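Add 72 to a position in the sequence shown, counting from 1, and you land on the number used in the numbering used here.
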Amino acid sequence: MFFKQLEPEKIGQKKPHVKEGRIAVRYAFRGAQKPQVSGGEFSGPFSFYGTERPLVKKGLFSGDLCFYAANKGLVQGGEFTGKSAFMGSHDTKVEDGSFSGEWAFCESNEALVSGGAFSGFEAFTESNQTRIQGGEFTGSLFGLLAKGMLITGGRFTGDQALRGSVQALVLGGEFFGERTFVEAEQLLLVLDRHLEEVVLPKSGVLAVRSIGKLIRDPDKPGNALVLALEVGQGKEHARIVSAEDLPLGVKDPALALAALEELKKKFGRS
């Protein structure tokens, strides 16, 4: 019987299936089409660089910049300990996996995340149009300078989530970290939950059930409109309103945007 030999150094292989082995070369499986990874250890940098439709089920990726610029990937497992995994990738779906390396999905485009554990520093930094539906985010500075992020789920315990982000729309998720939303611009939020600590964003509208601590940074004062049923510390920086004033049950993005626009008109903050 003929068994196909894997050639990690060959460019553009079609449908290689990696099940085991320790591969330390640079650019292993570069440009491969529909590669499938269900095991193995990859310590060389740029493994699976520029691959098309990669499927990752298992494997240990300790080399930096694995799956750099990959297109239409699906991640169902694996351990990513190297820096900048999936940097510059496009249209990647993440259902599971562990990302402990720094800068995972930095500068990525249109990622869809429904699961996985992200403990590394600055995950999704400068990403574009990311959609977060679930997952655990314990690393600090998640979504730093990200643009157009949509969050409908997930658990965020790291500090300074969405710092400096632009045009984020938050309709779900749990936020427990310190200094959330610091320097965020055009932030739009409808959240029927409690926010532990928020730094007043530069601009935007926030409609939230309750906030434990609302901070106005004197060095970089924000001007966002914050509407809440209850604020523990810093209530002078918010408008305390009744439940009837807030669209807390709205989950549809289009309906949420329309409701936030009405709130902005009603409460007079640009």
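Idealized CB from N, CA, C, for every residue including glycine. Everything numeric in this text was worked out from a predicted model, so none of it was measured.
1) Can you look up residue 330 in the DSSP assignment and give me helix, strand or coil?
2) From what residue to what residue does the beta strand (DSSP E) around residue 269 run?
3) Buried or exposed: residue 292, going by 16 or more other Cβ atoms within 10 Å of its Cβ?
4) Helix, strand or coil: which one does DSSP assign to residue 247?
5) If residue 190 sits next to residue 208, beta carbons under 8 Å apart, how far is it from one beta carbon to the other, in whole angstroms?
6) Based on the DSSP secondary-structure assignment, which residues constitute the bridge partners of residue 285?
7) Compute the distance between the beta-carbons of residue 266 and residue 281, then report whether it is under 8 Å.
8) Between residue 84 and residue 100, is the Cβ-Cβ spacing less than 8 Å?
9) Which residues in the same chain have their Cβ closer than 6 Å to the Cβ of residue 303, if we skip the five residues on either side of it in sequence?
10) Could you say which of 312, 308, 216 and 108 lies nearest to residue 148 if we only look at CA atoms?
11) Near residue 249, which residues of its chain fall below 8 Å by C-beta distance, leaving aside the five closest residues on each side in sequence?
12) To the nearest angstrom, how far is it from the Cα of residue 87 to the Cα of residue 338?
13) Can you tell me the Cα-Cα spacing of residue 126 and residue 198, whole angstroms?
For this structure:
1) Against the sequence shown, residue 330 aligns to sequence position 258. Helix, per DSSP.
2) Indexing the sequence shown from 1 puts residue 269 at position 197. Unbroken beta strand (DSSP E) run through residue 269: 259-271.
3) Working through the sequence shown from its first residue, we reach residue 292 at position 220. Residue 292 is exposed by the Cβ-count criterion.
4) In the sequence shown, residue 247 corresponds to position 175, counting from 1. Here residue 247 sits in strand by DSSP.
5) One-based indexing of the sequence shown puts residue 190 at position 118. One-based indexing of the sequence shown puts residue 208 at position 136. The pair is a contact, with the Cβ atoms about 7 Å apart (cut-off 8 Å).
6) For the purposes of this step, residue 285 is taken as the residue at position 213 of the sequence shown. Beta-bridge pairing links residue 285 to 269 and 305.
7) Your numbering for residue 266 matches position 194 in the sequence shown. Your numbering for residue 281 matches position 209 in the sequence shown. Result yes, Cβ atoms of residue 266 and residue 281 sit closer than 8 Å.
8) As a first step, residue 84 is located in the sequence shown; it is residue number 12 there, counting from the start. As a first step, residue 100 is located in the sequence shown; it is residue number 28 there, counting from the start. Contact flag unset, no.
9) Working through the sequence shown from its first residue, we reach residue 303 at position 231. Hits under 6 Å: 283, 286 and 310.
10) The residue you call residue 148 lines up with position 76 of the sequence shown. It is 108.
11) Taking the sequence shown and counting its residues from 1, one reaches residue 249 at position 177. The residues are 212, 228, 229, 230, 231, 232, 233, 268 and 269.
12) The residue labelled residue 87 in the question sits at position 15 within the sequence shown. The residue labelled residue 338 in the question sits at position 266 within the sequence shown. For residue 87 and residue 338, the distance between alpha carbons rounds to 57 Å.
13) By 1-based counting over the sequence shown, the position of residue 126 is 54. By 1-based counting over the sequence shown, the position of residue 198 is 126. Whole-angstrom Cα-Cα distance: 23 Å.
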